[in-house]
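Have a look at the structure below before the remarks.
In the UniProt record's numbering, the protein residues as written are 1 to 86.
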């Protein structure tokens with residue numbers, strides 16, 4: 001169990017991980033998860049990829065990746081470091 005930044009014994013909890021993961025799985029072809037995380041340019045690219053029938057597959061894979069990462073790793077990778085793809 002990882003300790004949160006306040007130093008108490010409560011486990012670290014990501015505020016955006018579950019929502020971003022579910023949005024990627026359900027509406028990912030439209031780039032909704034990208035817009036939710038603040039990646040406007042990546043969201044537009046995701047929509048364009050959907051026109052080529054690739055956007056849904058990419059979003060599904062991202063949704064699985066989001067949901068399998070730990071909360072702390074998700075925040076570090078996608079919120080703090082702003083990694084837009086995979």
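The beta-carbon is built from N, C-alpha and C at its ideal position, and this holds for glycine as well.
These numbers were taken from a predicted model, which means no experiment stands behind them.
How many angstroms separate the CA atom of residue i from the CA atom of residue j?
i, j, result
"residue 81", "residue 75", "8 Å"
"residue 55", "residue 9", "40 Å"
"residue 43", "residue 32", "7 Å"
"residue 68", "residue 11", "16 Å"
"residue 71", "residue 18", "9 Å"
"residue 23", "residue 53", "18 Å"
"residue 28", "residue 57", "9 Å"
"residue 45", "residue 13", "29 Å"
Can the beta-carbon of residue i be found closer than 9 Å to that of residue j?
i, j, result
"residue 50", "residue 30", "yes"
"residue 64", "residue 21", "yes"
"residue 26", "residue 78", "no"
"residue 39", "residue 73", "no"
Would residue i be called buried (16 or more neighbouring beta carbons within 10 Å of its own) or exposed?
i, result
"residue 2", "Reliability of the predicted coordinates at residue 2 is poor, the pLDDT of 46 falling under 50, and the value obtained from them is presented with this limitation in mind. Exposed."
"residue 15", "exposed"
"residue 48", "exposed"
Please identify the residue among the options whose C-alpha is closest to the C-alpha of residue i.
i, options, result
"residue 86", "71, 47, 70 and 59", "59"
Worksheet entry | 4 or more residues per run - each alpha helix (DSSP H) lying fully within the UniProt domain "TM2" (15 to 64) | 17 to 27, 32 to 36 and 40 to 51
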